[in-house]
Amino acid sequence: MDTHRNKYLSIKVTKFFMKIVGIWLPESKHEQFVLDVSLFVTIAGTVLSILFEMWDIYKYPFNFNEAVYIICNILTPGIVLFKLSMIRLNRKSLYELIDICQTKFWHDDYDEFGIAILQNCETKCVLLITSYMSFALFTAITYTVRSIIDNIGKTGTDKILPFTMWLNETMARAPYFQLLFIFEGIILCYLGVGFFCIDNFFCIINIHVAGQFKILQGKLERLCGPNDREDEKKDRGIWIRKNPAAVFQEFRSCVQLHKMLIYYVEKVEAIFSLIILCQVILSSILMCLAGFQAVSDDNSASQRCIFTAYTIGCFFQLLLYTSTSNEIIDESLGVANAAYRAHWYLLPFDKTSKVIRGCLVLVILRARRPCSLTAGRFFAISLETFTKVISTTISYFTLLRQRGESSYVVLQCSAHPSGPRMLLSAFTDQLDQPRLELNSREEKSVMTVSQVTEMSHHSNIGVSLAVIKYSMKLIGLWKADNTLDIFLMSSIFIYTISMGIAGIVFTVTDLFYVFDDIYAAVNIICPTIAIFNNTVKLIIFAINRRQVLNIIERLENSIKNETYEEYDIRAVKDCERQCIILVITFVILTQGAASNYVIPPLFEIFSGNGSRNLPVTIHFGGFAYGESPYFEIGFCIEAMIGFSSALCLVTLNNFLTTTNLHLACQFKILHNKLKSTCIADLDMNFNASRDAYSKLKKCIKTHKMLIDYTAQVEDVYTYIILMQMFASSVVICAAGFQLFFFSGSMLRFVLSIFFFLTSVGEFFLFSWSCNEIIVASATVGDGGYNTTWYSLSATGYGKAYRDGLQLLIMRSHRPCYLTAGKFCIISLESFSTVMTTATSYFTLLRNFVDEDEFRNK
């Protein structure tokens, strides 16, 4: 079997370089040990190279050209380290990918059509990886050669190394300098290999998956048409009537191959999604910075040569990711066309032929939703991504060239608003691209009833709901069972609303007084919008209180009263764990943000500087709020407003996040239950078909219930999300402005970071949890498609099962989602849009700041 694999040059080369960095499927414990050592050496060398360059930033007198040069040198090993870390974390999944490739893709015997497809795949692989490797290795070599050339005629500490090190006279002498040079040369070689080997592997598996989709298309097209086993001039329908079982078995193999390829793409997505996101973002930055270095007049010819090769290498790297991912999309969509071209009209009207026609409909329905790879679930990767990243790179290259001519901007480049825009624009421009996520499959094992019952009532399940109940009691929105509870809840709610209204009055009044000062105005805009947003959301929440309580009750019943299997228990526990971690993290950030307005005034008082300033200046009553007891009264009121708003913020966001994640979890459980409705791979009798149809009906009822449940959450939260979307754009902009143009104590700076992270994290939780519903609901139909529906009887319950499955798949093609006031669907793309909008507002706000004042700051 090895002969099939060893004839492919691209596979042998990729395997060789992957083993150098310590990543491949080991065949023995000894080989595993060697690979672990190689991986440790690679990671250690990468970390050392980053430390060398960071030390260079610390020691080197600031120069714009050198800063860009050093940033390139830091980002390159940084992305290598990130890729190696992600691969190491997903090592078991990677081994599974390699095993599937070796057993299913590279070892199987193919007919002439399959051999031609694989040869075409090999040609593409060789062309792409050799082009990419050439520029990557050339860049690594030129780093070393440049150091050798520049050292000619130099003595002492003037000598340079591939990675800049600040040497004393002892280390600059022989043999220490030569040893350091060899050491850094080895690190550079490992970096070069680490830079392209993972990309090469990604390229090869993508191209071969696309090739397998092409092979599947060929099998489907020849399913009911001319075949080598018969004279091509004969009607294939005659052969079908003679051999119905053989034809149907051939169709089964096509469906099994399709399911296996879908599973494989899911695994690739799970491993490489974050790697792709990192690559897309940094490709734009690296090509921009490297291109700037390549055309800079201040650089030597050797440096220009290095960065010219580096720019071309980054170009090929991005092309490699996008073109191979685009092939998967195209070829997986082509399966539907191949099924339609299967000469199904030649089939007779017997039972077997009717089953084949019905099954072809299911294949077409599933293939209409293409397999794709995404960048961190933000957007699907295709050639359109390539064009947009290149366009973004050119735009920021022009900006960098203009800014590079100004010494003022050189000193302030880290604070310029184009910095964050460059980080965001690499992926926020992809908003109009179709997205598709595929959930990874997990093996399911059935447990006994007693084990299921015990686990379904485990103490870990329902903790997030208890947190919701407790927090809702603290803001007065929980249900009351008696007169005392009604009075208590009403009092707490009135207090919470009163604090919100008082906060709005204080901040708006103060904003009126400081509106002429841009810095003071921006500082007060943040709490103004935050408190106003919380108060309006609380009022909307109170209006829909009955629906909210109904949602919690239905969610609690679905979690605690349902009988789960092992997969379902794991899914619910994972969901609970995510909810608790997110709640704790957000509580810490929110309290830190509230402390931004409470702790600094106290710190100033206790530090003995004599200043007594309220967090927000009160302009009512004409009292001397800087003196006792008015200062203490005003401070207590504003502290109560701050922490009451923080509690309200945590409660409302926690409710939506927890509800969305549990709803997505229920969709995943439904996906798993659909897979278990029909699992036998042999022809099933009447009773088995009836049982399968009975299970399918229960799943369809659950699906309808979840759709209604999503609609109910949508009714409660649609305008709250709309408010949050508008508020987040402004608050993120204002909070970012505070950080970039900050002047004050380190304590206030740290607390300002908390406020900024809270403003970003608030809408991220909204968009991410809503995106989970979209992803989980869109893949419900896959659970039914992954069953052995082709094994059911041709009539009766078997036919009813396939018809019901068709309707289920068609409905799941329209995923469930939440909207912002019915204007737009909320997903991770919405988060990208809000971040882009906030950055645009930041740039606009920056134009209002006088440059002389900014330079003095």
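Following numbering that gives the first Met the number 0, the numbering of the sequence shown begins with 0 at its first residue and continues without gaps.
C-beta: ideal position from N, C-alpha, C; glycine also.
Could you give the DSSP three-state label for Lys241: helix, strand or coil? Model confidence at Lys241 stands at a pLDDT of 46, short of 50, so the residue's coordinates are unreliable; what they give is reported in the following sentence. DSSP places Lys241 in helix when its eight states are reduced to three.
| message | Determine whether the beta carbon atoms of Arg145 and Ile305 lie at a separation below 9 Å. | response | yes
Check: Thinking C-beta only, is Glu330 closer than 9 Å to Gly210?
Finding: yes
Going by C-alpha to C-alpha distance, which of Gly633, Ile668 and Phe619 sits closest to Val879? An answer regarding residue 879 cannot be provided, because it is not within the stretch 0 to 856 covered by the chain.
Exercise. Okay, do the region 573-588 and the region 649-661 touch, 3+ Cβ pairs below 8 Å being the bar?
Worked result: yes
With DSSP as the reference, identify every bridge partner of Thr373, one or two as the case may be. Paired residue(s): Ala379.
*Expressed to the nearest angstrom, what Euclidean distance is found between the alpha-carbon atoms of Tyr263 and Glu249?*
Within the model, the alpha-carbon separation for Tyr263 versus Glu249 is close to 21 Å.
Residue burial classification, Pro526 (beta-carbon count within 10 angstroms, cutoff 16): buried
key: Ile825, DSSP secondary structure in three states   = Residue state, collapsed to three classes: coil.
Worksheet item: Just the Cα atoms here: how many angstroms apart are Ile523 and Cys647?
Response: If you take the alpha carbons of Ile523 and Cys647, they lie about 20 Å apart.
Taking 9 Å as the cut-off, decide whether the C-beta atoms of Ser811 and Ser768 are in contact. no
ask   = When the Cα atoms are used, what is the spatial distance from His618 to Phe511?
value = 10 Å
CA-to-CA distance, Val362 to Thr129, given in whole angstroms:
37 Å
Consult DSSP for Thr818 and reduce its assignment to one of helix, strand or coil. Here Thr818 sits in strand by DSSP.
Between the alpha carbons of Leu285 and Thr391, how many angstroms are there, rounded? 12 Å
What are the boundary residues of the alpha helix (DSSP H) that includes Arg356? Lys350 to Ala366
Looking at the unbroken alpha helix (DSSP H) that takes in Cys100, where does it start and where does it end?
-> Note, Cys100: premise wrong, no alpha helix (DSSP H); not H, not E.
Cα-Cα separation between Ile824 and Thr836, rounded to whole angstroms | 17 Å
**Request:** Determine the direct distance from the alpha carbon of Lys674 to that of Lys11, and round the result to whole angstroms.
**Result:** About 37 Å.
Asn481 by DSSP, collapsed to three states: which one?
-> The three-state reading of DSSP puts Asn481 in coil, since its state is none of H, G, I, E or B.
For Leu843, which of helix, strand or coil comes out of DSSP?
helix
Can you check whether the CB of Thr45 is closer than 9 Å to the CB of Leu190? yes
Assign Trp23 to one of three DSSP states: helix, strand, or coil.
coil
Under 7 Å Cβ to Cβ from Thr709, same chain only, skipping five residues before and after it: list those, please. Leu662, Ile772 and Cys815
Proximity to Ile206 [Cα-Cα], best of Gly820, Phe104 and Ser48: Phe104
Count the other CB atoms, across all protein chains shown, that sit within 10 Å of the CB of Asn785; report buried if there are 16 or more and exposed otherwise.
buried
Alpha-carbon spacing of Leu332 relative to Met471, whole angstroms
Their backbone Cα atoms lie some 47 Å apart in a straight line.
- Please state whether DSSP places Cys124 in a helix, a strand or coil. helix
Self-check item: Inter-stretch contact at 8 Å, needing at least 3 Cβ pairs: the region 527-541 / the region 722-736
Solution: yes
| message | Would Leu281 and Gly375 be called neighbours here (beta carbons separated by less than 9 Å)? | response | no
heavy atom of the ligand GTP below 8 Å from Val67 C-beta:
The ligand GTP is not part of the structure shown, which contains no ligands of any sort.
Open item on the list: Please report whether the beta-carbon of Phe753 lies at a distance below 9 Å from any beta-carbon of chain D.
Closed with: Any reference to chain D falls outside this structure, which holds one protein chain only.
#### Entry: Close beta carbons around Ser829, own chain, < 6 Å, minus the five adjacent residues each side
Scanning its chain for C-beta atoms nearer than 6 Å, with the 5 sequence neighbours on each side dropped, one finds around Ser829 the residues Ser766, in chain order.
* CB contact flag (Ser751, Leu738, <9 Å) -> yes
Check your understanding: So, do the region 547-556 and the region 481-491 have three or more beta carbon pairs nearer to each other than 8 Å?
Key -> no
Exercise. In whole angstroms, what separates the C-alpha of Val79 from that of Lys672?
Worked result: 40 Å
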